[in-house]
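According to our numbering, the sequence shown is numbered sequentially starting from 5.
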Amino acid sequence: MTFSLNTTIINPDENNKITSAIILLHGYGGNGKEISTLTYNWKRFLPNTVFLCPDGNEVCPINPGGFQWFDLSKDDPKYILEQFLIAEKKINKFIEEVKELYKLSNSKICLSGFSQGCMMSINIGLTSDESFNCVVGFSGKIIDKDNLSKRIFSKTKMLLIHGELDTVVPVNNLLEAKDFLLRNKIKVETHMISDCDHHISIEASSIALNYIKKNFLI
5 MTFSLNTTII NPDENNKITS AIILLHGYGG NGKEISTLTY NWKRFLPNTV
55 FLCPDGNEVC PINPGGFQWF DLSKDDPKYI LEQFLIAEKK INKFIEEVKE
105 LYKLSNSKIC LSGFSQGCMM SINIGLTSDE SFNCVVGFSG KIIDKDNLSK
155 RIFSKTKMLL IHGELDTVVP VNNLLEAKDF LLRNKIKVET HMISDCDHHI
205 SIEASSIALN YIKKNFLI
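Following this line, the structure appears as structure tokens:
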């Protein structure tokens, strides 16, 4: 099967049966191959998990070798939300393709992402017609709280991790997201990583892995 988004796929070793999937969404200017390196730290602890790392639906204008989920060229919240919702539909289509190919329900899928990818994961985790196993987000935020609050349908539990020195997506966005999720009765765990800027640190990767193992019952 060919996915609608170009995808880096990391399969389990030794032809292990696939019983779960992690969909990893990269950040602005990144790509699936780049974020797939995160799986090298996780794979041996998740022997029945397939990792799917799609490229964004648009080429990034400031990095032709990378991609974006939504355009940031205009400082216009309405425009950004419009682009965000277009990307949301394309990712949802991709998720349905993953579910069909691997015969998995949402309960066997973890959505994870960095920066823009985290923003997409949060929204999709709450607007899907069925809760996912969990969302694991790094260095992201909620794009439009008013829009999201009107569309919440599912209650996917979440882990959000953020570097305290992040200047690209400042850490106050973590606190705002936590407040929003708790007010909407979404289970959320948050971690602020000291001396960490806008990247996924070894500590953040380890925290995320333990959370995923717990939720996949491994």
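C-beta atoms are modelled at their ideal positions from N, C-alpha and C, and glycine is treated no differently.
Assumed close pair residue i, residue j - CB separation to whole angstroms, cut-off 8 Å
| i | j | result |
| --- | --- | --- |
| N219 | C138 | 5 Å |
| G70 | G33 | 4 Å |
| E101 | S8 | 6 Å |
| M5 | L108 | 13 Å between Cβ atoms; not a contact. |
| I4 | T131 | Residue 4 is absent from the structure shown; the chain starts at 5 and stops at 222. |
Separation of residue j from residue i, as counted between CA atoms
| i | j | result |
| --- | --- | --- |
| N52 | K161 | 21 Å |
| Q170 | S40 | Correcting the residue type first, residue 170 is Asp in the shown sequence and not Gln. Distance between the alpha carbons of D170 and S40 is about 22 Å. |
| E141 | G117 | Correcting the residue type first, residue 141 is Gly in the shown sequence and not Glu. Answer to the nearest angstrom: the Cα atoms are 5 Å apart. |
| Y215 | L163 | 8 Å |
| S210 | I84 | 32 Å |
| D17 | S143 | 30 Å |
| C122 | K191 | 16 Å |
| R48 | E207 | 17 Å |
| A212 | S77 | 31 Å |
| E180 | V63 | 30 Å |
| H195 | T11 | 29 Å |
| V175 | K145 | 9 Å |
| H56 | V173 | This sequence places Leu at residue 56; His is not what is there. Approximately 25 Å between the Cα atoms of the pair. |
| L50 | D201 | 27 Å |
| I22 | I14 | 11 Å |
| S111 | I165 | 22 Å |
| N177 | K82 | 19 Å |
| E38 | Q120 | 14 Å |
| D243 | K93 | Past the boundaries of the shown model lies residue 243; the chain is included only from 5 to 222, so the question cannot be answered. |
Sequence-distant residues of the same chain with beta carbon closer than 7 Å to residue i, five excluded per side
| i | result |
| --- | --- |
| A91 | N61, W73, F74 and M124 |
| L115 | I27, S125, I128, G129, F136 and V139 |
| I151 | Residue identity check: residue 151 is Asn in the sequence provided, not Ile. These residues qualify, in order along the chain: L85. |
| S198 | E168 |
| L42 | L28, I204 and S209 |
| K97 | S8 |
Neighbourhood of residue i by C-beta, 8 Å cutoff - its chain only, sequence neighbours within 5 removed
| i | result |
| --- | --- |
| Q87 | F74 and D75 |
| S153 | F184 and N188 |
| N67 | G33 |
| I113 | S24, A25, I26, I27, I99, V102, K103, F136 and N137 |
Residue i (DSSP reduced to helix, strand or coil)
| i | result |
| --- | --- |
| E134 | coil |
| T6 | coil |
| T41 | helix |
| G224 | Residue 224 falls outside the range modelled here, since the chain spans only 5 to 222, and no answer is possible. |
| F55 | strand |
| S143 | coil |
| E168 | coil |
| N67 | strand |
| L163 | strand |
| S109 | coil |
| G60 | coil |
| I206 | helix |
| G33 | coil |
Cutoff 6 Å; reference residue i; Cβ partners in own chain excluding five residues on either side
| i | result |
| --- | --- |
| E193 | L163 |
| D80 | none |
| D148 | L85 |
Any non-hydrogen atom of the ligand HEM within 7 Å of residue i CB
| i | result |
| --- | --- |
| D133 | What this structure holds is no ligand at all, so the ligand HEM is not there to describe. |
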